[in-house]
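Colleague:
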Amino acid sequence: MDYGKMVGDSFAYAKEGLVGKWVKWILLIISCIIFPLILGYMVRIFKGASPSPELENWGGMFIDGIKLFIVALIYAIPILILEFLAFGTALVSVMMTGDAAAMTTGLAGAGVIFLLFVIVAIVIGLILATAYVRFARTDSMGEAFNFNAIFAHIGRIGWVTYIIALIIMGIIVGIIEMICMLIPAVGGIILFIILPILVLFYTRYLTLLYESAGSA
2 MDYGKMVGDS FAYAKEGLVG KWVKWILLII SCIIFPLILG YMVRIFKGAS PSPELENWGG
62 MFIDGIKLFI VALIYAIPIL ILEFLAFGTA LVSVMMTGDA AAMTTGLAGA GVIFLLFVIV
122 AIVIGLILAT AYVRFARTDS MGEAFNFNAI FAHIGRIGWV TYIIALIIMG IIVGIIEMIC
182 MLIPAVGGII LFIILPILVL FYTRYLTLLY ESAGSA
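The sequence shown begins at 2 in the working numbering and counts up by one.
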């Protein structure tokens, strides 16, 4: 897999879709606030639209965004449960100031739960990257949970190739966000303004990764 080409294509996609198209850029910034709209727009990109689609049929876009949000929320349930258990166990353990052994055991248990939380979060993150696109391509929320098909698709890409691609994407987005947040006073504002660029880059990148299974 040519990771550099995928990164370049994704940035070019975002640039072509937004630079010079200021009304569209502003509308996408607003859509980031009304989050089902930006999620619905992502669904259109996941479907394979190229160049980036225009903003139209707002009602349909909103509904698609709600569906994508529900998919993400269902996937997040195990993560939220483990996070709650880890925090709750740690909190109860700290409160056991009169029993050092119980507190130590409790904190150890919280650590194990937290480790499990990290592992589950990573696994779900790997699955979601394909589940999102699969949902968009099939227009079926059920297909976002068709694990046999999802794992088979990732297998055609190659698990190592797939994981490396996601790590590269995460590093790029993370560096951009970190640079913005290091800028005093206006960093957060700058990040919010360029958020549509990051959304288009991220969504296009996952789309290309999904489509690479055809030639993997």
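All C-beta atoms in this analysis are idealised placements derived from N, C-alpha and C, irrespective of residue type, glycine included.
Given the structure is predicted, the values throughout are model-derived calculations rather than measurements.
Got a sec, what are the start and stop residues for the alpha helix (DSSP H) F12 sits in?
Modeller: By 1-based counting over the sequence shown, the position of residue 12 is 11. Taken as a continuous stretch (DSSP letters only), the alpha helix (DSSP H) holding F12 covers 4-19.
Colleague: May I ask which residues mark the beginning and end of the alpha helix (DSSP H) holding V72?
Modeller: Against the sequence shown, residue 72 aligns to sequence position 71. Note, V72: alpha helix (DSSP H), 59-96.
Colleague: Can S213 and M62 be called in contact, C-beta distance under 8 Å?
Modeller: Residue numbering aside, residue 213 sits at position 212 when the sequence shown is read from its first letter. Residue numbering aside, residue 62 sits at position 61 when the sequence shown is read from its first letter. Not in contact: S213 and M62 (Cβ atoms no closer than 8 Å).
Colleague: In chain order, what residues of the same chain have a beta carbon less than 6 Å from the beta carbon of C181, not counting five sequence neighbours either side?
Modeller: Your numbering for residue 181 matches position 180 in the sequence shown. Taken in chain order, the residues that qualify are G188, I191, L192.
Colleague: Check whether the stretch 160-174 and the stretch 197-215 touch, using three or more Cβ-Cβ pairs below 8 Å as the test.
Modeller: Short answer: they touch.
Colleague: Per DSSP, what kind of secondary structure is N149 in: helix, strand or coil?
Modeller: Indexing the sequence shown from 1 puts residue 149 at position 148. Of the three classes helix, strand and coil, the one that applies to N149 here is helix, per DSSP.
Colleague: What does a CB cutoff of less than 8 Å around L127 pick up in its chain, not counting 5 residues either side in sequence?
Modeller: The residue you call residue 127 lines up with position 126 of the sequence shown. Closer than 8 Å at the Cβ level, and outside the excluded window around L127, lie I155, Y163, I164, L167.
Colleague: Of the residues W23, I34, D140, I78, which one's Cα is nearest the Cα of E55?
Modeller: For the purposes of this step, residue 55 is taken as the residue at position 54 of the sequence shown. Checked all of W23, I34, D140, I78; the closest Cα to E55 is W23.
Colleague: Do you know whose CA, among I30, Y211, G89, I198, lies nearest G112's CA?
Modeller: Sequence index remark: in the sequence shown, residue 112 carries index 111 (1-based). Checked all of I30, Y211, G89, I198; the closest Cα to G112 is G89.
Colleague: I'd like the list of long-range same chain contacts for L69, defined as Cβ closer than 6 Å, with 5 residues on each side in sequence excluded.
Modeller: Taking the sequence shown and counting its residues from 1, one reaches residue 69 at position 68. So the list reads L40, V44, once near-sequence residues are dropped.
Colleague: Once the 5 residues before and after M170 are set aside, which same chain residues still bring their CB inside 6 Å of it?
Modeller: Position 169 of the sequence shown holds residue 170. Once the five neighbours on either side are set aside, the close Cβ partners of M170 are Y206.
Colleague: Please give the ranges of any alpha helix (DSSP H) in the stretch 180-214, keeping only runs that are unbroken, at least 4 residues long and fully inside the region.
Modeller: With a minimum length of 4 residues, the continuous alpha helix (DSSP H) runs that stay inside the stretch 180-214 are 188-212.
Colleague: Out of L108, L38, S51, Y133, which one is the CA nearest neighbour of Y76?
Modeller: Numbered from 1 along the sequence shown, position 75 holds the residue referred to as residue 76. Checked all of L108, L38, S51, Y133; the closest Cα to Y76 is Y133.
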